[in-house]
Structure formats: C-alpha cells, structure tokens
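Enquirer:
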Amino acid sequence: MIFRTLTTLAAAMAFSMSAHAQEVRLNDLLIANPYARATAPNQPAGGAYVTIENKGKAGDKLIGASSPVAKSVEVHTMAMEGNVMKMREVGQLEIPASARVEMKPGDGYHLMLMGLRQPLKAGDSFPLTLVFEKAGKAEVKVKVQEKKDAGHGGMHHGH
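Those letters in the sequence shown? Residues -21 to -1, 1 to 138, by mature numbering (1 follows the signal peptide of the UniProt record, and there is no 0).
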C-alpha cells in the first residue's frame, strides 16, 4: 500500500514538473519560464518575458534576441518618470553574477516583439533566441498565455 502511494505521488510530481515552466541551461545561465501575452488582431507589438538566473561568478549581458514571429525583438524597461509610466528600449540587460533577473508585465524589463507577423494566440508557442555577450545563444520555447490583466492591454499599442 505504501509503495503504491509513493509510486502515485512520484508520478504526479514528475507530471507536474514536466508540465511546469521550461528551463534551458546555457553555461552558468538558467533561463526559465518563457511566456508571452496574447495579442489582439492587428496589434503591431507584444511582450515576452523570461527569468534569467546567473549561477556563475562573472556577470553577463543579454545583448539581443530574435524570433520568427516578429520583425525584431528589443529589450525594454518600464519606469516611472514623474507620475507617468514610460517604456524605453535599453539595448542590453545586465545579468550580474549570482543574481536572478525576472522579466514581468508592467514593471521592469521585458522583450518587445516588434512588427508581429501574426497575432499571438493563447495556447500557442513560438521559438525565441536570446543572445548573451559571454554565454552565446540559447533558444527557448515561449508559451502564449491569456492576457490576465486587461489594465495593461493598451500599453504596447503605441509602439
């Protein structure tokens, strides 16, 4: 009885871990939880997000990205300037040694998918290549999620 319970528990844990976020290791970098938000038809741009953990003793930089779903991919940041939230391209993103950088909607860094070739639909996925100064290139599979917070929906339309 205990063996059956442990076997069932182990199978459930293995399933939940495989269904969980994708992780890609590139030298000392661990890239996890790549996702994008669904976009409206004719929306020219969208946002993609990843978590990058540097387990090494030296820093690295995210210096570029590309995807077949967009004409270009840019590293952007969101920051308050006075009473207004502003978005701007930063070109590269520092990944300090022994640190974790989490991209998330509405705050901090994200990847702007410029010139979308088609709408991003919830449930779909697409490849995204990240380029690091030292570690090189890593390809991740980005899962498109339903836009949960409609309040940020118009944020990327003006790009």
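C-beta atoms are modelled at their ideal positions from N, C-alpha and C, and glycine is treated no differently.
Check whether the segment 118 to 125 touches the segment 3 to 19, taking contact to mean three or more Cβ pairs, one atom from each stretch, closer than 8 Å.
Expert: Yes, since at least three Cβ pairs between the segment 118 to 125 and the segment 3 to 19 fall closer than 8 Å, the two stretches touch.
Enquirer: Can you list, in chain order, the residues of its chain with a C-beta nearer than 7 Å to that of D39? Leave out the 5 residues immediately preceding and following it.
Expert: Excluding sequence neighbours, D39 sits near L8, N33, I74, F111, E112, K113 and A114.
Enquirer: Can you have a look at G61 and say buried or exposed, based on whether 16 or more other CB atoms are within 10 angstroms of its CB?
Expert: That one is exposed.
Enquirer: Give me the Cα-Cα distance between A78 and L99, rounded to the nearest whole angstrom.
Expert: Straight-line Cα distance between these residues: approximately 30 Å.
Enquirer: Does the beta-carbon distance from V119 to Y88 come in below 8 Å?
Expert: No, they are not a contact pair.
Enquirer: Measuring straight from C-alpha to C-alpha, what distance separates P20 and A37?
Expert: Computed Cα separation, rounded: 42 Å.
Enquirer: Near V29, what residues of its chain come up, given a Cβ to Cβ distance below 6 Å and the 5 sequence neighbours on each side ignored?
Expert: For V29, where only same-chain residues beyond five positions count, the Cβ hits under 6 Å are I10, P13 and M82.
Enquirer: Figure out for me which residue from D103, L5 and E68 has the closest Cα to the Cα of V52.
Expert: That would be E68, whose Cα lies nearest to the Cα of V52.
Enquirer: Does the distance from the C-beta atom of K50 to that of G94 stay below 8 Å?
Expert: Yes, these two residues count as a Cβ contact at 8 Å.
Enquirer: Identify the residues that DSSP records as bridge partners of D86: which are they?
Expert: Answer by DSSP bridge pairing, in chain order: K83.
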